[in-house]
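Down below is the structure, laid out as structure tokens.
Protein chains: 2
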Amino acid sequence: MEIKVLHQLMDWNEDVSEEVKATLAEHRICMVNVMGSPGAGKTSLITSLISRLKENWRIGVIEGDIAGQVDAERIAALDIPAVQLNTDGACHIEAMSIRHILPELPLDDLDVIFVENIGNLVCPAEFRIGESLRITILSVPEGDDKVEKYPLMFTDTDCLVLNKYDMMPYFDFDEARVRANYETVNPGAPLFPVSSRTGDGLQKLAAFLEEHIRSAAS
Amino acid sequence: MEIKVLHQLMDWNEDVSEEVKATLAEHRICMVNVMGSPGAGKTSLITSLISRLKENWRIGVIEGDIAGQVDAERIAALDIPAVQLNTDGACHIEAMSIRHILPELPLDDLDVIFVENIGNLVCPAEFRIGESLRITILSVPEGDDKVEKYPLMFTDTDCLVLNKYDMMPYFDFDEARVRANYETVNPGAPLFPVSSRTGDGLQKLAAFLEEHIRSAAS
Numbered sequence: 001m002e003i004k005v006l007h008q009l010m011d012w013n014e015d016v017s018e019e020v021k022a023t024l025a026e027h028r029i030c031m032v033n034v035m036g037s038p039g040a041g042k043t044s045l046i047t048s049l050i051s052r053l054k055e056n057w058r059i060g061v062i063e064g065d066i067a068g069q070v071d072a073e074r075i076a077a078l079d080i081p082a083v084q085l086n087t088d089g090a091c092h093i094e095a096m097s098i099r100h101i102l103p104e105l106p107l108d109d110l111d112v113i114f115v116e117n118i119g120n121l122v123c124p125a126e127f128r129i130g131e132s133l134r135i136t137i138l139s140v141p142e143g144d145d146k147v148e149k150y151p152l153m154f155t156d157t158d159c160l161v162l163n164k165y166d167m168m169p170y171f172d173f174d175e176a177r178v179r180a181n182y183e184t185v186n187p188g189a190p191l192f193p194v195s196s197r198t199g200d201g202l203q204k205l206a207a208f209l210e211e212h213i214r215s216a217a218s
Numbered sequence: 001m002e003i004k005v006l007h008q009l010m011d012w013n014e015d016v017s018e019e020v021k022a023t024l025a026e027h028r029i030c031m032v033n034v035m036g037s038p039g040a041g042k043t044s045l046i047t048s049l050i051s052r053l054k055e056n057w058r059i060g061v062i063e064g065d066i067a068g069q070v071d072a073e074r075i076a077a078l079d080i081p082a083v084q085l086n087t088d089g090a091c092h093i094e095a096m097s098i099r100h101i102l103p104e105l106p107l108d109d110l111d112v113i114f115v116e117n118i119g120n121l122v123c124p125a126e127f128r129i130g131e132s133l134r135i136t137i138l139s140v141p142e143g144d145d146k147v148e149k150y151p152l153m154f155t156d157t158d159c160l161v162l163n164k165y166d167m168m169p170y171f172d173f174d175e176a177r178v179r180a181n182y183e184t185v186n187p188g189a190p191l192f193p194v195s196s197r198t199g200d201g202l203q204k205l206a207a208f209l210e211e212h213i214r215s216a217a218s
């Protein structure tokens, strides 16, 4: 009898991901999977988006980290329901963890859940977690060659946020190169130049998200 | 009968790592495993170190990337033997790949091999590849919370390079926080503030490396 361990594992994650998706659909919640390198600015982007969205939408956050809870504390300080998911060494979040942790959030009172994935430009892209939407963040200091070097993360996303855009003058960063490579691996997908610090570009990104939140809610 | 798949895999990598180590010892080569996030500046640091070391030592490079060969081209342009190791999606290099690729380098004519690992602050730390020395790079734009959030990478290294140190004025980065956390997880291990761009701090790091190269060569 044939044994396919890896294949089974992947299928299994896909199954649980679909289950999570169904639970979220029942509650009309849009779940956003936020991915990017360590230090790309995932938490800052989420907090900036919370400021822009919280007037019209009820927001919850799942903070993924290998260890610690500094990020969940940052979110909770904004008076937003937040839970910390520690992977204890694992390099990505899997759907099973989301299924396990979802009941910790007040699902009947939420329109959108941001999931901050582990800082990693590789592994999280391979695991669906039941999300409605994926955001990949690339920050200017990381360099303009990342789409070529970590293609899956840019292929399998619904939008790309080019973060720390205000740092452009200090780095030798070829935006056209990123745009061209992104268009190659993910034709037609939107790219949002953003600075979480100055707030530039956040409005467009928030409007894009609101479309999806509205569609999940209806 | 008990079956321990994960444990077996880890042991297996450890065995091959020891094998690689023995091969390198035979050739009196110091192999340096360079790890860090995407965009931390691994390739730039390696090229800067090459400039400082190549007068006295014979250098080779193994460039790890998920896809592509832009980094190996940068190294080869310096007239240094370089091989590209593509992991085709995998998030770290394993010892087996190093064993496989080593014969592609002129081992009898090398004193030091730099291995640029996949840009990832998580997984590479878990896999020994037969290296004599590990360098973990953290760049200033990534933020000062990384040691707490990705502890293994900072625990299991022989030194920490704080790269893009010239960017300190533009980021809200608490160096004391990094130093304190690093000292907690890796007591006594050296930390080198470096700017590959300006060259600041490279001399001390190069001297540290030369000690190890000398010790492997003798």
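From first to last, the protein sequence lines stand for chains D and C. Counting with our numbering, you get residues 1 to 218 for the letters of the first sequence. Counting with our numbering, you get residues 1 to 218 for the letters of the second sequence. All C-beta atoms, glycine included, are put in the ideal place defined by N, C-alpha and C.
- [ ] Taking the CB atoms as reference points, tell me whether S17/D and A95/D lie closer together than 7 Å.
- [x] Yes; because the gap between Cβ atoms is below 7 Å, this pair is in contact.
Open item on the list: Run through the DSSP bridge pairs and tell me what P193/D is partnered with.
Closed with: Bridge partners of P193/D: L162/D.
TODO: Give me the Cα-Cα distance between A216/D and V34/C, rounded to the nearest whole angstrom.
DONE: 44 Å
Task: Simplified DSSP assignment, three categories, for C91/D - done: coil
Open item on the list: Let me confirm a value: H92/D is counted as buried when at least 16 other C-beta atoms fall within 10 Å, else exposed. Which label applies?
Closed with: buried
- [ ] Return the first residue and the last residue of the alpha helix (DSSP H) that V147/D is part of.
- [x] Per DSSP, V147/D belongs to the alpha helix (DSSP H) from K146 to K149.
Task: 6 Å CB neighbourhood of D156/D in its chain, flanking five on each side removed - done: A125
- [ ] Report all residues from its chain with a CB closer than 6 Å to the CB of M31/C; omit the five preceding and five following residues, and keep chain order.
- [x] Its chain contains L24, I113, E131 and S132 as the residues whose beta carbon lies nearer than 6 Å to that of M31/C, once the 5 sequence neighbours on both sides are disregarded; these appear in chain order.
Open item on the list: Beta carbons nearer than 8 Å to chain D: which residues of the stretch 148-172 of chain C have them?
Closed with: E148, K149, Y150, P151, L152, K164, M167 and Y170
- [ ] Check whether the Cβ of V178/C lies closer than 7 Å to any Cβ atom in chain D.
- [x] no
Task: Test item: CB-CB of P190/C and C159/C under 7 Å - done: In this structure, C159/C lies closer than 7 Å to P190/C by Cβ.
Open item on the list: Could you tell me the alpha carbon to alpha carbon distance between R214/C and M153/D, rounded to whole angstroms?
Closed with: If I take the Cα positions, the gap works out to 41 Å.
Task: CA nearest to the CA of A76/D, picked from E142/D, D88/D and I59/D - done: I59/D
- [ ] Kindly indicate which three-state DSSP category Q84/C falls into: helix, strand or coil?
- [x] strand
Open item on the list: Strictly under 7 Å for the Cβ-Cβ distance: is E142/C near chain D by that measure?
Closed with: Chain D contact via Cβ: present.
- [ ] Since I believe L121/D is in contact with G39/D (beta carbons under 8 Å), could you give me their beta-carbon distance rounded to a whole number of angstroms?
- [x] Going by Cβ atoms, the distance from G39/D to L121/D rounds to 11 Å, so no, they are not a contact pair.
Open item on the list: Within 8 Å, do at least three Cβ pairs link the stretch 201-210 of chain C to the stretch 44-51 of chain C?
Closed with: yes
TODO: With a 10 Å radius around its C-beta and 16 neighbouring C-beta atoms as the bar for buried, classify P169/C as buried or exposed.
DONE: So P169/C ends up on the exposed side.
Task: Beta-carbon spacing of I101/C, V83/C below 7 Å - done: yes
TODO: Could you pull the start and end residues of the alpha helix (DSSP H) that I75/C belongs to?
DONE: V70 to A76
- [ ] Compile a chain-ordered list of the residues in the stretch 66-79 of chain D whose CB is closer than 7 Å to at least one CB of chain C.
- [x] I66, A67, G68 and V70
- [ ] Would you grab the beta carbon distance between L138/D and N163/D for me? Rounded to a whole angstrom, and I think it's under 8 Å.
- [x] 7 Å
TODO: Within 10 angstroms of the Cβ of E26/D, are there 16 or more other Cβ atoms? Answer buried if so, exposed if not.
DONE: With fewer than 16 other Cβ atoms within 10 Å, it is exposed.
Task: Cutoff 7 Å: P38/C Cβ touching any chain D Cβ - done: yes
Task: Neighbouring residues, chain D, relative to N117/C (Cβ below 9 Å) - done: Under the 9 Å cutoff, chain D gives no residues; its nearest Cβ is about 12 Å from N117/C.
Task: V122/D at chain C interface by Cβ criterion, 7 Å - done: Taking Cβ atoms only, chain C reaches closer than 7 Å to V122/D, which makes this a yes.
Open item on the list: Which residues does DSSP list as the beta-bridge partners of C30/D?
Closed with: V112/D
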